[in-house]
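The structure appears right after this line, and notes come after that.
Protein chains: 2
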Amino acid sequence: VTSNGIRDMPRSQIRLTTLDGLPEFQPGDNLAAAILMAARRGGIVWRDNTVVVVAQKIVSKVEGKIVELNAVEPGERAQEFARQFDKDPRLIELVLREAKRIVRMERGVIIAETRHGFVCANAGVDRSNVPGLDRATVLPDDPDGSARALRARLQTATGVRLAAIISDTWGRPWRLGLVDCAIGVAGLPALRDYRGLPDRQGRPLHATRLALADQLAAAAGMLMEKSAGRPVVLAEGVEFRPQDGSARELVRGEEENLFR
Amino acid sequence: VTSNGIRDMPRSQIRLTTLDGLPEFQPGDNLAAAILMAARRGGIVWRDNTVVVVAQKIVSKVEGKIVELNAVEPGERAQEFARQFDKDPRLIELVLREAKRIVRMERGVIIAETRHGFVCANAGVDRSNVPGLDRATVLPDDPDGSARALRARLQTATGVRLAAIISDTWGRPWRLGLVDCAIGVAGLPALRDYRGLPDRQGRPLHATRLALADQLAAAAGMLMEKSAGRPVVLAEGVEFRPQDGSARELVRGEEENLFR
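Structure (structure tokens):
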């Protein structure tokens with residue numbers, strides 16, 4: 012039994028473990044180095060096919076994607092929306108700038124499509140857990156690239172084959188409560204494709220692609236308590252064939268979207 | 012170290028374990044007894060606050076929610092839709108009967124609201140993994156009740172405090188790939204409420220309710236391989252305050268729904 016308690020883990024088990032004692036991240040910090048240090052202190056043994064799930068918030072912080080709201084000049088549209096719904100016009104302006112397309116904007120909620128193609132509330136602009144009263148984070152420019160870079164550094168340091176996911180916490184149109192989704196993926200397929208495989212009765216399973224990266228993000232989200240500063244979770248025992256992967260696999264194309 | 016390999020599991024770890032060797036379920040089967048037997052054979056040690064996640068499909072089967080398609084007489088609307096999109100008119104008729112309201116019906120896809128208030132494809136009607144070519148399952152009448160009954164039986168037999176979730180595999184409007192969601196909940200809060208709690212900077216976390224039951228369903232879904240017959244997953248180490256719970260906590264009311 013190793014210090015993280017795993018011995019000959021059967022294929023039918025998944026273990027999710029938090030990395031504790033991570034610092035408050037600043038722009039320019041070395042995220043991989045901080046993760047390696049926290050893992051060493053926590054007695055983590057790195058194994059092949061461990062998936063490192065990292066909250067978007069700290070990736071945005073180390074990449075400097077923090078915006079001083081005092082430097083944001085709200086336009087007319089932002090001012091009107093802010094007045095109508097009692098919001099901060101600078102924050103609304105920032106959301107409009109981060110959005111490639113506004114999907115819905117009513118009753119005080121903005122649902123927008125980001126440059127990356129993700130559809131989410133406030134185009135990923137978020138004020139929680141950002142030091143300073145007048146700052147907000149925006150999404151990384153290239154979350155797949157962030158995941159790739161983190162994965163490469165961790166693999167070099169540990170000598171094992173890893174995967175990385177950057178996750179963000181989103182609402183859903185027809186369900187209450189937030190669930191984490193993957194916005195950056197490296198080293199594993201974002202979609203697990205069962206199409207063409209037989210079901211237990213030998214009939215083809217129609218239209219069954221599971222969103223593995225989102226399942227992983229949701230699972231890790233259970234441990235990423237929103238005020239407790241546990242933004243990194245390791246997932247061991249997940250079965251997948253290593254491949255480059257991309258969160259873009261999860262983006263529904265316009266022609267497939269029934270819900271515009 | 013117990014036979015399922017856990018010793019003094021810290022609070023910051025979650026372990027997901029499949030129950031292997033479950034039978035092909037038939038109407039009237041005792042699901043709790045089958046789970047207890049598989050757990051005994053698998054050397055599972057039951058612990059307080061273990062969450063038992065069960066796929067909807069086997070709950071529907073034991074509750075006899077299997078429909079012979081030959082007994083379904085398609086109406087005009089079903090026939091027209093089936094002709095237009097090359098579908099089985101009996102299956103479409105069944106979807107229309109299971110739906111309280113049709114949300115979208117175009118390009119060969121039916122998104123419907125079920126009697127329970129869930130919005131999902133085909134109102135939960137599903138043909139995969141049902142023995143016999145001309146049969147489909149429909150959702151349980153009262154999935155919360157199914158979860159409650161299962162939880163009560165397992166608690167009585169094991170003497171520990173458990174929670175139960177019935178999960179189904181759903182698509183998402185703006186994301187490709189399916190993710191499991193909770194349709195029945197007993198013994199834990201479906202929503203974990205962080206509203207009013209401070210973030211790391213002491214500012215209130217706005218609008219943060221995490222969909223714990225959906226996170227658990229998604230996590231378990233990683234292990235419920237669609238053709239491998241692993242429809243039950245145990246989750247240990249999840250932090251929650253035991254309470255009745257209900258999947259209805261996750262249903263977005265009409266007035267909160269931006270996406271109609």
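Those sequence lines, one after another, are chains D and F. Counting from 12, one number per residue, gives the positions in the first sequence under the numbering used here. Counting from 12, one number per residue, gives the positions in the second sequence under the numbering used here. Glycine included, each C-beta is placed from N, C-alpha and C at the ideal position.
* **For F:Ile25, the three-state DSSP class (helix, strand or coil)** => strand
* Residue burial classification, D:Pro21 (beta-carbon count within 10 angstroms, cutoff 16) -> No answer about D:Pro21 holds up, because its pLDDT of 49 lies below 50 and its placement is not dependable.
* In chain D, which residues lie less than 8 Å from F:Leu189 when you measure between Cβ atoms? -> Thr219, Arg220, Leu221, Ala222
* Asked: Helix, strand or coil: which one does DSSP assign to D:Pro253?
  -> coil
* Within chain D, the residues that F:Pro34 reaches when beta carbons sit closer than 8 Å -> Within chain D, no residue comes near F:Pro34; the closest Cβ sits about 12 Å away, beyond 8 Å.
* Asked: Are D:Val196 and D:Asp155 closer than 8 Å when you measure CB to CB?
  -> yes
* **Residue burial classification, D:Arg183 (beta-carbon count within 10 angstroms, cutoff 16)** => buried
* Leaving aside the five residues before and after D:Arg159 along the sequence, list all residues of the same chain whose C-beta is less than 6 Å from its C-beta, in chain order. => Ala197
* To do: With 8 Å as the threshold, decide whether the Cβ of D:Ile25 is near any Cβ in chain F.
  => yes
* Anticipated Cβ contact below 8 Å, D:Gly119 with D:Arg259, distance rounded -> Actually they are not in contact, since the Cβ atoms of D:Gly119 and D:Arg259 sit about 30 Å apart, beyond 8 Å.
* To do: Compute the Euclidean distance between the alpha carbons of F:Gly16 and F:Gly39, then round it to the nearest angstrom.
  => The predicted position of F:Gly16 is uncertain, since its pLDDT is 42 and thus under 50; no value can be drawn from it.
* **Spatial distance of F:Ser14 from F:Val63 (CA atoms)** => Low per-residue confidence applies at F:Ser14: pLDDT is 41, beneath 50, and the placement is therefore not dependable, though the value from the model is reported in the following sentence. So the two alpha carbons sit approximately 18 Å from each other.
* Consider the Cβ of D:Thr13: report whether some Cβ of chain F lies at a distance smaller than 8 Å. => Confidence in D:Thr13 is poor, its pLDDT being 42 and thus under 50, which makes the residue's placement too unreliable to answer from.
* So, helix, strand or coil for D:Ala45, using DSSP? -> helix
* Examine chain F for any beta-carbon lying closer than 8 Å to the beta-carbon of D:Leu202, and answer yes or no. => yes
* To do: Helix, strand or coil for D:Ile17, going by three-state DSSP, please let me know.
  => Residue placement at D:Ile17 is poorly supported in this model, since its pLDDT is 41, which falls under 50; the coordinates are not used for a value here.
* **Cβ-Cβ separation, D:Ile25 to D:Glu247 (assumed contact under 8 Å), whole Å** => 7 Å
* Terminal residues of the alpha helix (DSSP H) in which F:Gly232 lies -> 223-232
* Could you give the distance in angstroms between the alpha-carbon of D:Val149 and the alpha-carbon of D:Asp191? -> 16 Å
* Asked: Between which two residues does the alpha helix (DSSP H) containing F:Lys68 stretch?
  -> 67-73
* To do: Tell me whether F:Glu124 sits in a helix, a strand or coil according to DSSP, three-state version.
  => strand
* For D:Arg220, does the count of other Cβ atoms within 10 angstroms reach 16, so buried, or fall short, so exposed? -> buried
* Asked: Looking only at C-alpha atoms, which of F:Arg186, F:Asp145, F:Gly207 sits nearest to D:Cys131?
  -> F:Arg186
* Asked: Can you give the Cα-Cα distance for F:Asn81 and F:Asp97, rounded to whole angstroms?
  -> 18 Å
* How about F:Asp31: is its C-beta nearer than 8 Å to some C-beta of chain D? -> yes
* Write down every uninterrupted run of the beta strand (DSSP E) in the segment 71-148 of chain F whose length is 3 residues or greater and which is fully enclosed by it, in chain order. => 77-79, 110-117, 120-125, 130-132, 146-148
* **Presumed contact (8 Å Cβ cut-off) between D:Leu199 and D:Pro253, rounded CB distance** => 7 Å
* Asked: Across which residues does DSSP place F:Leu189 in a beta bridge pair?
  -> D:Leu221
* To do: Say whether the segment 64-81 of chain D touches the segment 173-182 of chain D, bearing in mind that this needs 3 or more beta-carbon pairs closer than 8 Å, one atom from each stretch.
  => yes
* Asked: In chain F, which residues lie with their C-beta within 8 Å of the C-beta of D:Gly232?
  -> Leu221, Gln226
* chain F partners of D:Ala272, CB-CB under 8 Å? -> Missing from the structure shown is residue 272 of chain D; chain D here goes from 12 to 271 and no further.
* Going by other Cβ atoms of all chains shown within 10 Å of its Cβ, with 16 needed for buried, is D:Pro242 buried or exposed? -> buried
* With a Cβ-Cβ cutoff of 8 Å, do D:Leu261 and D:Ala175 count as a contact? -> no
* **Within-8 Å CB hit, D:Pro85 to chain F** => no
* Asked: What number of angstroms, rounded off, separates the C-alpha of D:Arg126 from the C-alpha of F:Pro151?
  -> 41 Å
* Is the shortest distance between the beta-carbon of F:Leu261 and the beta-carbons of chain D less than 8 Å? -> yes
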